[in-house]
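Down below is the structure, laid out as structure tokens.
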Amino acid sequence: MSLPAHPADQPSSREPDTLPVIISHADMNKAFDRGLVSPLGQTIAYAVHYQNTWWIHFEKGWIRTDKKLADMLDAEAARITAQDAIVARNAAIRAATQAEPQERQQ
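Residue 3 is where the sequence shown starts when you use this note's numbering, and the numbers rise one by one after that.
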């Protein structure tokens, strides 16, 4: 199964090692607004992929992960994306089967 690429995987002029360690909430909000940020999963918004690396939300902003954690999050992102797809499919099936009896009554 092919997983969608992260929008933040677009070419960047800076490699992760040259990025700041911490960025502000305002900077990350701008990146979200531009569509450059991908959350780890639909329900895990405290870890996001931006500028070819992972960032973790904390009280004063966003902190860039180290290579080891970034690699672990890359592996988990594939699994979580697949799980999100299963949850969405099951929700659609439930919604469709719950709508059928109502449609028959009309």
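Here a beta-carbon is modelled for each residue, glycine too, at the ideal position from N, C-alpha and C.
*Could you check the C-alpha separation between residue 87 and residue 80 for me, to the nearest Å?*
11 Å
*Report buried or exposed for residue 27, applying the criterion of at least 16 other Cβ atoms within 10 angstroms of its Cβ.*
exposed
*Pick out whichever of 83, 40, 55, 25 has its Cα sitting closest to the Cα of residue 71.*
55
*If we ignore side chains and look at the alpha-carbon of each, how far apart do residue 33 and residue 19 end up?*
19 Å
*Would you mind reading off the limits of the alpha helix (DSSP H) that contains residue 35?*
27 to 35
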